[in-house]
Every structure is written in C-alpha cells, then in structure tokens.
Amino acid sequence: GRVNSILLSSNDGTAEIDTAGDAGNSGESSSKREMLKFAIPALGIYLTNPLLSNIDNAFVGRTVGALGLAALSPATLCIDQA
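In our numbering, each residue's number is its place in the sequence shown (first place is 1) plus 247.
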C-alpha cells in the first residue's frame, strides 16, 4: 500500500512527520502500541513459569536426587497447569 506523510505542527513550533498511512490509521497504530504494552509483559509472565520450573527441577535433581525429582514432578505439573 501507499504510505502518506502528514506534517503536524506541535505547540512548541517543531514539526513531526506521521507515516502511519493516513489520518484514520493513527488511532489504529496507537491501539496496537497499547496492545503491545500489555501483551509483551504478559508473554514474559507466561514464559517465566516453565523456565522457573526447569530451574527448580535442575536444582532439586542436583541436590536431592531422583527421589526429590519424583516428588517434585507431580507438583510441578499441577502448578504449571493451574
């Protein structure tokens, strides 16, 4: 598609160029930015839980051994699926 450049004047006399497409798309691009502000931290939280479970498994496996891993595995499954 064609990208339109719109010259906007701000209060302090400087100029900015908006290349969002047309004037109607500027609201759409800001809503995408707002969505990403929410989605990226949520994705980080979503990916952190399995990472921490793997760290727990590694720590318990090294310090306690197979018996500790056998006790930890069902608890990890229950917590990760909750």
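Yeah, the Cβ is synthetic: ideal placement off N, Cα and C, and Gly gets one too.
- Annotation: the continuous alpha helix (DSSP H) that includes Gly315 extends over Ala313 to Gln328.
- Shortest Cα-Cα distance from Gln328 to any of Ala318, Asn296 and Ile302 involves Asn296.
- Nearest C-alpha to Leu299 among Glu281, Leu319 and Gly274: Leu319.
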